[in-house]
Amino acid sequence: MTARLRLEQCGLGAGKKARLHRILYHHGLRNGTALFLPYDQGLEHGPRDFFANPRAADPRYIMKLALEGGFNGVAIQIGLAEKFYWDYAGEVPLILKLNGKTEIPPEANALSPVHASVEDAVRLGADAVGYTLYVGTPAQEEDFAQFHVVRRDAQRFGIPLIVWAYPRGEAIDNKGGRDSFYAVHYAARTASELGADVVKVNFPHPEKHVPPAYLSDLGSQEAIDEVVRAANRTLVLVSGGSLASDEAMVEKAAESMSAGATGLIFGRNVWQRDYDDSLRFVAELRDVLAKYPTP
Amino acid sequence: MTARLRLEQCGLGAGKKARLHRILYHHGLRNGTALFLPYDQGLEHGPRDFFANPRAADPRYIMKLALEGGFNGVAIQIGLAEKFYWDYAGEVPLILKLNGKTEIPPEANALSPVHASVEDAVRLGADAVGYTLYVGTPAQEEDFAQFHVVRRDAQRFGIPLIVWAYPRGEAIDNKGGRDSFYAVHYAARTASELGADVVKVNFPHPEKHVPPAYLSDLGSQEAIDEVVRAANRTLVLVSGGSLASDEAMVEKAAESMSAGATGLIFGRNVWQRDYDDSLRFVAELRDVLAKYPTP
Amino acid sequence: MTARLRLEQCGLGAGKKARLHRILYHHGLRNGTALFLPYDQGLEHGPRDFFANPRAADPRYIMKLALEGGFNGVAIQIGLAEKFYWDYAGEVPLILKLNGKTEIPPEANALSPVHASVEDAVRLGADAVGYTLYVGTPAQEEDFAQFHVVRRDAQRFGIPLIVWAYPRGEAIDNKGGRDSFYAVHYAARTASELGADVVKVNFPHPEKHVPPAYLSDLGSQEAIDEVVRAANRTLVLVSGGSLASDEAMVEKAAESMSAGATGLIFGRNVWQRDYDDSLRFVAELRDVLAKYPTP
Amino acid sequence: MTARLRLEQCGLGAGKKARLHRILYHHGLRNGTALFLPYDQGLEHGPRDFFANPRAADPRYIMKLALEGGFNGVAIQIGLAEKFYWDYAGEVPLILKLNGKTEIPPEANALSPVHASVEDAVRLGADAVGYTLYVGTPAQEEDFAQFHVVRRDAQRFGIPLIVWAYPRGEAIDNKGGRDSFYAVHYAARTASELGADVVKVNFPHPEKHVPPAYLSDLGSQEAIDEVVRAANRTLVLVSGGSLASDEAMVEKAAESMSAGATGLIFGRNVWQRDYDDSLRFVAELRDVLAKYPTP
Amino acid sequence: MTARLRLEQCGLGAGKKARLHRILYHHGLRNGTALFLPYDQGLEHGPRDFFANPRAADPRYIMKLALEGGFNGVAIQIGLAEKFYWDYAGEVPLILKLNGKTEIPPEANALSPVHASVEDAVRLGADAVGYTLYVGTPAQEEDFAQFHVVRRDAQRFGIPLIVWAYPRGEAIDNKGGRDSFYAVHYAARTASELGADVVKVNFPHPEKHVPPAYLSDLGSQEAIDEVVRAANRTLVLVSGGSLASDEAMVEKAAESMSAGATGLIFGRNVWQRDYDDSLRFVAELRDVLAKYPTP
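Protein chains in written order, with our numbering: chain A, 7 to 301; chain B, 7 to 301; chain C, 7 to 301; chain D, 7 to 301; chain E, 7 to 301.
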């Protein structure tokens, strides 16, 4: 078990520290852990993601779920933020997602284009911004270039920068795939080296670490331990990935927190079921978080 | 039937609300509905579009038609706006179309380049700007990047932003085509997530929704209901697409308004016939709109 | 008794609303009222203000007092914010005071020069900015000009703008003085007309309203009622002015809240006594605020 | 005796901390104290200041004295920096003085105009910038306005900002004069509130504190203690003022360091005598500094 | 043996000269030579590079090693600089690496994208910036274009520019490979011609110089002599490349210094072993440097 990072240790300026403090200590369990609700799937996957629970197509439903479920923040795109955040302004932290794409064209050269700015986030009263970095694709030049602007502005305005670090591309597919230990491990380190304050990773599959001479025979706890270590002073959020059951997800959540992650980010696993079942599952996740307060 | 959005519900600043109020309540039926006349086909398709009614090649003809037909606005490109809007300034709302292209080169990588700015729209006294977003093409990075600038400026200057959300590209062709329910549904949501105030979509073909696990067996009313729902707080305009007869178009118009759309946008169907016949068809459309006032 | 303004009624964008919501509902009594601690007297009056309680010369003492006393925010200048806010970032809201002056030169032409920007406030994670507007001095041209920049930037970045509306200058002295009903009444209206989101006024002396034809024979409750009414959708904070006793101050506080003010702003009256006595007096003020929740 | 500030306590970003660390720990006694050599008197007073020791008119003489005397930095204007610093670049820290004036016109409205920028300092490899703030003059509006730009740029570029806090003007003259305890005390606080990282003050004359109710009957140690306390997290440098003898200056230096000052800044007292005598006097000052290391 | 360049001979402005002077004469052996510690492998190769010595995954370990080993600087990416440099600010020079990439996608078109700016380096108190230039790849247009911006800003701000001159691409592979004398020789000259102040090269393999008419039959000393000569007034740093043993590396280090190189840059060879062994190896390298002081 790794010691959880405290905000004082992360090299943050006053603005980033103030905003992360609000997220981690004035919302959710108020114990330094976080549970985030991402809601950009209507763009990333299209509205088909709402078929399982049609009420979830309405952003108001999501905002209410975030409030009642005691989430530490919702991550949405600029259009929904402009239309819906005013109604809930200040009640739940806003993470403005600055880039995004549709899943329609092929992903070989995946790049998530920027369509909103850090200044939009400031204007809307967001407490953080989100950026999807596709680690390992041939488009990394453009990706790093547009990330540069986001990082610079986030530093200038004191807005925490959360990086969705997603391994992608043919080379990744050939080295164990996007959820392999190798890929997640490298993605976490990349986000840290490039200047993320917080990094969102999928839970790694320790059995998949194809490159020769890579660490082998890791258990799942050891794998997530190594990922958190690779992120060093970047706070880590773990998402559910393609895990099967609630039970399995809760177990991975506990392993993540035990490794020193700061929190969890669960979207479809939460809102692709009916409201009461969502809250019941959230309660289980909160029980995990309650066991890992940051001193 | 979905409740029609009122402007108060759309997360608009004062400038956008004022300009949309003028469009919706000081023009047309003055009941919160809209009928727009788009006239950018001379660029998009070339002047061949005027062969059916050669007088329509003259923008003055179109402006007069818009006035006499009681349209809520005309959508034109910057060159025609500079040359013709002065004569009718303030009499009919101007929607300045900010991007556009010729149909001459192949469309595999369709991107509609920007050739005018929101500031041009302010200077000319336009009440809204229009932007064509090609959803699903491999060029979405550049498209989102130039849309970002337009959205930002529209927000800054308080100008309503109408997005022509057009599914395009090989991937779309392989998943049911540009008018499939899947494509129109996804396009409406994309425009909403990226920050459109108003989205123009083609009427969806509910029988075409190829991706597996997609909603099936929808009737045409259910399909347009879903599209309007996907757009959430973005006002929806429906265009005729490739419908066959006036009767069919009026029926689709009624279904659209019943679904909660704010209005209609009809171009060639209106002006590719003689003047009196245009006005007669417009009168039919107005009869539909009169039945769906926004309270 | 006037109904207290709710944030939804104030014409605020999402960022200003979010930040004021945090100040009013996540701090202090969390009931929509506010108690602020201003600490710019070291600049405005010089360090002699700390002679009564030398520990108050240390900004850390003030920050601890703000936390333990449950204040809704501390108002400090840029230098102290840079040096001390990091330690408490996010724990108590920061109101960055953007202008200020020494009391050394004569005040005939009083103007409080700007030495920090709204962007500094954003960068430091402040929840609001403060500006001292000297209403009625011959320097009002420069004052309005520099206020213009602050207001514009506050609007652009979504940061609430709190105006210290201080009647000053010979003309004010000749018409009843800076605390006269005439002067405070006019100052509140001036701040509202120029774009303040929140205005800080001294409690008016109803017996002093020299200009002929001005409202006369007002009781103190009526006077503060009129001041809050003049501010219309600008939230009102009342400071103690030169009141004599704790009892008198608490009474004026109650009259202010009954008039519809949002809260109180007390500095020297709080920290120019020993720590325990400060907290005791704060508890009395909080008792008043508890009786006037905003629904 | 007050504990000396450590750099970790001053709310500095990495760049300011790195540059101050270099000044305080890689030069001079390398023990966290500082001895600076100011050399802007040729502008401020004119070349008459060099009559006492004509060799001091040559900036090379001063640079050599700084090196041989083990100073922590020399403070010079842009012209001399451009012409002479290259020869000694990196050997002794450069403090680029950004404003200055001649003594020729009357001083009633004293303002020291800016004639170089923080960016000049960066380009030249300076480790800090200096700014003269005339506290208490009627020109404080312009002074604060130009200071605002310097402070902002120093923050942006991570360059430490040393403020020469000089009480000036008729009002100061009427309240005990520029070296009175009142004036120095207020000046130190003003620099701290406005954002100085380091403040240079004259040693206060405790017997002069004219404003009624001001602290009285202070000894000289108590007076400098209060000044350092007023500066809180701003590092303090003390200059000799108009002291009479070497012995008296060394005594004041010791009192300053005992009060928690970071160091001394002596110009004319050093170089208005012959070279060897300068070094002898410097050695005495270094003996004082050696007794007050910062842990 | 070539005479070692003195800083006065390099055409540097005052800022670059001051900063290089600090690096070369206030750190390390303080004799004008340099030993740098690069630590960007977590990004360039991924965290697998830390498997040999897992403690090296923690940037604090590296910073401590740099301090205890008496290095003249550490080269890190912006993310680690933001998070870790504050703790050691000014204690060891920071070389901010401005570009970098992952090794995941294929390298045919290698380009190292920029994700930080010279202004970031100024703000953080860095003493130099680093840029990886891939000499010989088809992407040299973009590479030169982004280098142009870095060089211009480095000149403007007086920050020394260290170029990692790496021959890469198919054409290089076909002409002896990246470590051939031909490739290293050309890379050194390219960096010098484009404006590097310092160039980092791998030790050339003199036996590999494929292009016809190229210099032949060189010994290893002659080869590095030629490389240093090609760099003319650009200071040269030599890295270990893929040398086999400590003994061989120390020999190459001596040849490099004898050729007139300014210093060495060793990363994995240093920290991919345990701490004490690292320090032991560093001591050997320092023994070499001690023999080649710059007068």
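Ideal placement from N, C-alpha and C gives every residue a C-beta, glycine not left out. All values derive from a computational prediction rather than experimental measurement.
Range of the contiguous beta strand (DSSP E) that encloses residue i
{"i": "ILE271 of chain A", "result": "269-271"}
{"i": "MET79 of chain E", "result": "The sequence shown places Gly at residue 79 of chain E, rather than the Met named in the question. Unbroken beta strand (DSSP E) run through GLY79 of chain E: 79-83."}
{"i": "LEU291 of chain C", "result": "That residue, LEU291 of chain C, is in no beta strand (DSSP E); its alpha helix (DSSP H) goes 281-296."}
{"i": "GLY41 of chain B", "result": "It should be noted that the sequence gives Leu, not Gly, for residue 41 of chain B. Run containing LEU41 of chain B: 40-44, per the beta strand (DSSP E) assignment."}
{"i": "ILE101 of chain A", "result": "100-103"}
{"i": "LEU241 of chain D", "result": "241-245"}
Residues that residue i contacts on chain D, provided the C-beta gap is smaller than 7 Å
{"i": "PRO111 of chain C", "result": "GLY142, THR143, PRO144, GLN146, GLY175, ALA177"}
{"i": "PRO53 of chain C", "result": "HIS191, TYR192, ARG195, ALA236"}
CB contact check: residue i to chain D, cutoff 8 Å
{"i": "LYS70 of chain C", "result": "no"}
{"i": "PHE153 of chain C", "result": "no"}
Chain B residues whose Cβ lies nearer than 7 Å to that of residue i
{"i": "ASP280 of chain A", "result": "What ASP280 of chain A touches in chain B: nothing, since even the nearest Cβ is about 18 Å away."}
{"i": "THR108 of chain A", "result": "VAL141, GLY142, GLN146, TYR192, THR196"}
Boundaries (first-last residue) of the alpha helix (DSSP H) holding residue i
{"i": "THR143 of chain E", "result": "Note, THR143 of chain E: premise wrong, no alpha helix (DSSP H); not H, not E."}
{"i": "ARG264 of chain B", "result": "Per the sequence presented here, residue 264 of chain B reads as Ser, with Arg not at that position. Run containing SER264 of chain B: 252-265, per the alpha helix (DSSP H) assignment."}
{"i": "VAL190 of chain C", "result": "187-200"}
{"i": "TYR172 of chain D", "result": "That residue, TYR172 of chain D, is in no alpha helix (DSSP H); its beta strand (DSSP E) goes 167-173."}
{"i": "LYS70 of chain A", "result": "65-74"}
Min CB distance residue i to chain A below 8 Å
{"i": "MET7 of chain B", "result": "Because MET7 of chain B sits at a pLDDT of 49, beneath the cut-off of 50, its placement in the model cannot be relied upon, and the following sentence gives the value as read from the coordinates. Closer than 8 Å: no."}
{"i": "ARG158 of chain C", "result": "no"}
{"i": "GLY17 of chain B", "result": "yes"}
{"i": "ARG66 of chain B", "result": "no"}
{"i": "PHE57 of chain E", "result": "yes"}
{"i": "PHE187 of chain B", "result": "no"}
Interface partners of residue i on chain B, CB under 9 Å
{"i": "THR138 of chain A", "result": "Near THR138 of chain A there are no residues of chain B at all, since even the closest Cβ is about 12 Å away, more than 9 Å."}
Contact with chain C by residue i, beta-carbon distance below 8 Å
{"i": "GLY131 of chain A", "result": "yes"}
{"i": "ALA202 of chain D", "result": "yes"}
Residue i at chain B interface by Cβ criterion, 8 Å
{"i": "LEU49 of chain A", "result": "yes"}
{"i": "ALA62 of chain A", "result": "no"}
Cross-chain neighbours of residue i in chain E, by beta carbon under 7 Å
{"i": "GLY5 of chain D", "result": "The structure shown has nothing for residue 5 of chain D, since chain D only spans 7 to 301."}
Closer than 8 Å to chain E by CB, residue i
{"i": "ALA114 of chain A", "result": "no"}
{"i": "GLU14 of chain A", "result": "no"}
Next item on the list: Report yes or no: do the stretch 185-204 of chain B and the stretch 49-60 of chain A share at least 3 C-beta pairs separated by less than 8 Å?
Entry: yes
Check: In chain order, what residues of the stretch 20-32 of chain C put their CB closer than 9 Å to some CB of chain A?
Finding: Residues ALA20, GLY21, LYS22, LYS23, ALA24, ARG25, LEU26, HIS27, ARG28, ILE29, LEU30, TYR31, HIS32.
Next item on the list: Below 7 Å between beta carbons is the criterion; list the residues of the stretch 74-104 of chain A that meet it against any residue of chain B, in chain order.
Entry: GLN83, ILE84, GLY85, LEU86, GLU88, LYS89, PHE90, TRP92
Check: Of the residues that make up the stretch 117-129 of chain C, which ones have a beta carbon closer than 9 Å to any beta carbon in chain D?
Finding: LEU117, SER118, PRO119, VAL120, HIS121, ALA122, SER123, GLU125, ASP126, ARG129
Next item on the list: Take every Cβ of the stretch 97-105 of chain C, pair it with every Cβ of the stretch 103-111 of chain A, and state whether three or more of those distances are shorter than 8 Å.
Entry: no
Note to self: Does the contact criterion of 3 or more C-beta pairs under 8 Å hold for the stretch 281-297 of chain C versus the stretch 64-72 of chain E?
What the structure shows: No: fewer than three Cβ pairs fall under 8 Å.
Next item on the list: Could you say if the stretch 74-83 of chain D and the stretch 33-49 of chain E meet the contact criterion of at least three C-beta pairs nearer than 8 Å?
Entry: no
Note to self: Taking contact to mean 3 or more Cβ pairs, one atom from each stretch, closer than 8 Å, check whether the stretch 204-217 of chain A and the stretch 165-183 of chain A are in contact.
What the structure shows: Output reads yes: the stretch 165-183 of chain A touches the stretch 204-217 of chain A.
Margin query: Under 8 Å, with one C-beta from each stretch per pair, do the stretch 123-130 of chain D and the stretch 17-31 of chain D reach the 3-pair mark?
Written below: no
Margin query: For the pair the stretch 81-90 of chain C and the stretch 147-161 of chain C, tell me if three or more CB-CB distances fall below 8 Å.
Written below: no
Margin query: Is it the case that the stretch 134-144 of chain E contacts the stretch 158-170 of chain E, given that we only count it when at least three CB pairs across the two stretches are under 8 Å?
Written below: yes
Checklist line | Sufficient close CB pairs (3 or more, under 8 Å) joining the stretch 232-252 of chain A to the stretch 260-276 of chain A | finding: yes
Next item on the list: Anything in the stretch 209-242 of chain A with a Cβ closer than 8 Å to a Cβ of chain E? List those residues in chain order, please.
Entry: PRO217, ALA219, TYR220, LEU221, GLU232, ARG235, ALA236, ASN238, ARG239, THR240
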